[in-house]
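These notes are about the structure you will find just below.
In our numbering, the protein residues as written are 24 to 411.
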């Protein structure tokens, strides 16, 4: 009896299994597919966030003819920033200009006006050649940072991050279900990877949906998984730490003494540079208070992110003594994973080519959603016709 029932039982079970995955794929797409479209389109723009922000704000660019052979000292530029905001006495983090026509940008991370928000620094710009004040804006109140908050948290701050992480997890299941539904036999592989010429409109929609999905599967999966991890570091870091010890950031303090005077920012930068002679200075953070320290961030060759490197030196603000050093080259695999997440997510790890790939991949969810919706409507019409 087994020999007679097995051939029919297996296809029946496979058919039921396929129907189950088809429903998952359908309802994931209908329920949260638009969120993926939103994340994809905003993500494509954010790949070129800095460049687009400069295009949208030409007044924050220095004219080519105004570029000078030398820049003012870091200390002079810090004084220009502090003079424009005398009541903001906490730490300023200065991002050094990326190119000769770029302004020096500074962030004040704890503006009283944005109390209660997880991330909404005041961002200020100053001409590095003249010290001329170029203006300031709060994060989220100009186009590209608003777009970032929409992409990262649906403009809902911490709640939005949690929602995006959950939706990202659901979309991973939806993506896997699509791969299962597509998976062909060896004889049908060529057809499964191509669009049939001269096919009906219904078949064309289906072929576009399946080929876009399968060719972008790996990139979309990497973007989804890295995005989920970036959304909830407090959840995933302990898990990663249990598998591979993570770097624990120090909390050093300066030795405050009566009459002690802060060393100039340039001196602090030079001391940090001596610890990593071949590295490039990227960020200079001033002390938060009398007990605060200098925090200098540098880029070492081989780090995945040029703009946000992890090489860091902490200095006593009075003596210039080195209090702590972070060298990502000496860290464990868990830190390496975390350090690569954001550069992987925005394509920076592969330079301009990688960024272009991620930009193009961000357009794919819109194609998948439109073709998937059209395919669903086609099936609904076919069922209604069959019932009649």
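Ideal Cβ placement from N, Cα and C applies to all residues, glycine included.
Source: prediction; values computed, not measured.
Measuring C-alpha to C-alpha distances from residue 293 to each of 68, 361, 98 and 194 identifies 98 as the nearest. For the stretch 317-405, the continuous beta strand (DSSP E) assignments of 3+ residues that do not extend past its boundaries occur at 334-339 and 345-349, in sequence order. Measuring C-alpha to C-alpha distances from residue 248 to each of 49, 195, 48 and 229 identifies 195 as the nearest. Judged by DSSP in its simplified three-state form, residue 126 adopts coil rather than helix or strand. Contact check for residue 316 against residue 277 passes: the beta carbons are separated by less than 8 Å. Taking 8 Å as the cut-off, the beta carbon of residue 126 is found closer than this to the beta carbon of residue 120. Counting only the Cα atoms, residue 150 lies some 9 Å from residue 94.
In the displayed model, residue 315 falls within coil according to three-state DSSP, outside both helix and strand. Under the Cβ criterion (8 Å, minimum of three pairs), the stretch 311-331 counts as touching the stretch 345-360.
Residue 164 has its alpha-carbon roughly 35 Å from the corresponding atom of residue 236. Contact check between the stretch 201-215 and the stretch 370-378: fewer than three CB pairs, one atom from each, fall below 8 Å, which does not count as touching.
Closest in alpha carbon position to residue 381, among 84, 367, 186 and 87, is 367. When DSSP states are grouped into helix, strand and coil, residue 111 belongs to the coil group. Residue environment: residue 340 is assigned as buried (16 or more neighbouring CB atoms within 10 Å of its CB, all protein chains considered). With contacts defined by Cβ atoms closer than 8 Å, residue 291 and residue 338 form a contacting pair. Between residue 115 and residue 309, the C-beta spacing is below 8 Å.
Of the residues 398, 387 and 397, the one whose Cα lies closest to the Cα of residue 239 is 387. Between residue 253 and residue 365 a beta carbon distance of about 6 Å is seen, short of the 8 Å cut, so the two are scored as contacting. Beta-bridge partners assigned by DSSP to residue 259: none are found.
Nearest C-alpha to residue 104 among 153, 175, 67 and 219: 153. Here DSSP, grouped into helix, strand and coil, assigns residue 148 to strand.
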